[in-house]
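Written out below as structure tokens is the structure these notes cover.
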Amino acid sequence: MLFPWPLETLKSAPQSLPLLPLALTPGKVGAEAVIDYSTKHGSSVYKEYKAALPTVWDLKGKGLVVFIQEFLTRAQDAGWTQGTMQVTKFNNADGTLIDLITEYGKIDVDTLKAQCDVFLLPGGANFQTRATQNNKLMAECLLSSVTASAKQALIADRGQYTFDGTIYAPVLFKHMMKIATLDNKATSKWLHDQLKQMPAVMLEVKGNIDDFFNTFDKWHTQLVGRGEDLDDALDCLWDGLKAAPCEKFSKWIQDKYDLHIEDDPTWGPITVEELTKRVKAKYNLMLSVAPKGNSKGDKKDKKGGEKGGKEKKTKNTKVKGDKQRQKQEESWKKTPPKDGEPTTKTVGDHTFNWCVHHMAWVWHKSENCDLGKKRAAEQNHVSYAAAVNSSPIETGTSSNFRALMSTLAQAALDEE
Numbered sequence: 008m009l010f011p012w013p014l015e016t017l018k019s020a021p022q023s024l025p026l027l028p029l030a031l032t033p034g035k036v037g038a039e040a041v042i043d044y045s046t047k048h049g050s051s052v053y054k055e056y057k058a059a060l061p062t063v064w065d066l067k068g069k070g071l072v073v074f075i076q077e078f079l080t081r082a083q084d085a086g087w088t089q090g091t092m093q094v095t096k097f098n099n100a101d102g103t104l105i106d107l108i109t110e111y112g113k114i115d116v117d118t119l120k121a122q123c124d125v126f127l128l129p130g131g132a133n134f135q136t137r138a139t140q141n142n143k144l145m146a147e148c149l150l151s152s153v154t155a156s157a158k159q160a161l162i163a164d165r166g167q168y169t170f171d172g173t174i175y176a177p178v179l180f181k182h183m184m185k186i187a188t189l190d191n192k193a194t195s196k197w198l199h200d201q202l203k204q205m206p207a208v209m210l211e212v213k214g215n216i217d218d219f220f221n222t223f224d225k226w227h228t229q230l231v232g233r234g235e236d237l238d239d240a241l242d243c244l245w246d247g248l249k250a251a252p253c254e255k256f257s258k259w260i261q262d263k264y265d266l267h268i269e270d271d272p273t274w275g276p277i278t279v280e281e282l283t284k285r286v287k288a289k290y291n292l293m294l295s296v297a298p299k300g301n302s303k304g305d306k307k308d309k310k311g312g313e314k315g316g317k318e319k320k321t322k323n324t325k326v327k328g329d330k331q332r333q334k335q336e337e338s339w340k341k342t343p344p345k346d347g348e349p350t351t352k353t354v355g356d357h358t359f360n361w362c363v364h365h366m367a368w369v370w371h372k373s374e375n376c377d378l379g380k381k382r383a384a385e386q387n388h389v390s391y392a393a394a395v396n397s398s399p400i401e402t403g404t405s406s407n408f409r410a411l412m413s414t415l416a417q418a419a420l421d422e423e
């Protein structure tokens, strides 16, 4: 083997070299230090991170999820989210630290601007530091990542995010979110209404779980960003998943939903994010093992009929003794509280609530019960449910506009 150094040099070289700090991207190299733009490295960092994102955005809600995902990746790669020079995390009026990119609705503009003054106003503690450079790169990236018409709208609104001639990139980002989400209560109600239509979405995408979650994320992300109450988001997600047209997948979902309703510790308290992760993993596994052409529905024979006739039933393989013991251990769950007794109690490490709909001690409260909501919907909203089930989910601008106008009209009636 040929070496680029003389043998004498290799013999006299130290046995080990000092390790450099690991950085996954150029922007994370020396994330606390000022970037020297006169160097080749500094120039390349400037060009790379001020550039437009892969997908140009028109400031419409339809492209919001993709924009936020791409912008978050850029911010992390560029080092805008880390260390003392970061420009994406701020304390809101309550003193709570929030991530502006994913929680933009939880901080007001005045509170946000005051914290940006620290690195953008002369005399600020971090003025003319890496944070000042990060702000500049972030502003150029944002303005380069929108369509021409969207950029014109932003330029017309420059007084909303430009102060003393300086663009406050975090304030610009929040302003863009405001344009995209029409920051008002009526629209928030409309977003909640979209989540309630997830069963119709599942039918519209014909059981494609990726498309289903893309639609759910579109509405859910906007509500999270606004800081909205999302107590019903998990129920809406379950409702949509249970409408899957694939019999095998739908059965798996129903089995897991039963565990969720019964507060089975093997399934455990679950969040929207965790449910999404588990369902996608199961869906991808089923696709990987399913015969080609049969991944989205039941198997068909060549003539189009159901293959194999009725599904063969199998015996329950649970040990009978274990089942009886489980019934004895959980018999208390069916014992209601007496008049005047609390409807909440702690058993072991878990807190249970008496649900008037399930007539059992469960983890959820009666007012948040999925079964109760369904019964109320069936009794009071039959005509609305029929309308939703008989028409596909709207995807065009005109349909969304009509839905929004209907919501605004209802909101006006509610205020009277």
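End of the sequence shown = 423 in this note's numbering, gap-free, step of one.
Built from N, CA and C at the ideal position, the CB exists for glycine as well.
* Asked: Cβ of Y56 within 9 Å of Cβ of L144?
  -> yes
Start-end ranges of the alpha helix (DSSP H) lying completely within the stretch 101-177, minimum 4 residues = 116-127, 137-151 and 155-163
Note to self: Could you check whether the stretch 171-181 touches the stretch 111-128, counting it as contact only if at least three pairs of C-beta atoms, one from each stretch, sit closer than 8 Å?
What the structure shows: yes
**Prompt:** Which two residues bound the contiguous alpha helix (DSSP H) that contains K255?
**Reply:** E254 to I268
Going by DSSP, what residue range makes up the alpha helix (DSSP H) through N98?
From DSSP, N98 is part of no alpha helix (DSSP H) but of the beta strand (DSSP E) over K96 to N98.
With a threshold of 7 Å on Cβ separation, who are the neighbours of L104 within its own chain once the five nearest residues in sequence on each side are excluded?
K96 and N98
Practice task
Would you please state the rounded distance, in angstroms, between the beta carbons of M183 and L149? I believe it to be under 8 Å.
Solution key: 7 Å
Item to complete: Report the residue from P61, V41 and A146 whose alpha carbon sits nearest the alpha carbon of N133.
Response: V41
Could you name the residues that DSSP lists as bridge partners for W361?
-> W368
Check your understanding: Which one or two residues does DSSP pair with T351 in a beta bridge?
Key -> N360
Q) What is the DSSP secondary structure of K289, counted as helix, strand or coil? A) helix
Exercise for the section: Determine the direct distance from the alpha carbon of G379 to that of A250, and round the result to whole angstroms. Expected result: 18 Å
Segment contact flag, the stretch 343-351 with the stretch 241-257, C-beta cutoff 8 Å, min 3 pairs:
no
key: Local conformation of W274 per DSSP, three classes   = coil
- prompt: In terms of residue numbering, what span does the alpha helix (DSSP H) encompassing K57 cover?
  reply: K47 to K57
Beta carbon of Q159 nearer than 9 Å to that of T188: no
Exercise for review: Grab the span of the alpha helix (DSSP H) containing P206 for me, first residue to last.
Suggested key: M205 to E211
Next on the checklist: Using only the alpha-carbon positions, how far apart do V212 and V369 sit?
Outcome noted: 33 Å
(Q) According to DSSP, is W245 part of a helix, a strand, or is it coil? (A) helix
For this session: Could you pull the start and end residues of the alpha helix (DSSP H) that I75 belongs to?
Result: L71 to A85
Query - Through-space distance from E147 to G112, alpha-carbon basis - result: 22 Å
**Prompt:** When burial is assigned at 16 or more other CB atoms within 10 Å of the CB, is L294 buried or exposed?
**Reply:** exposed
Worksheet item: Between A288 and the rest of its own chain, which residues show a CB-CB distance below 7 Å, the 5 nearest in sequence each way excluded?
Response: none
Below 8 Å on the Cβ atoms is my guess for G34 versus A85; work out the distance and round it to an integer in Å.
4 Å
- [ ] Can you grab the Cα-Cα spacing for the pair D218 / E281, in whole Å?
- [x] 18 Å
* To do: List the whole-angstrom C-beta distance separating A38 from Q89, where the pair is believed to meet the contact cut-off of C-beta under 8 Å.
  => 6 Å
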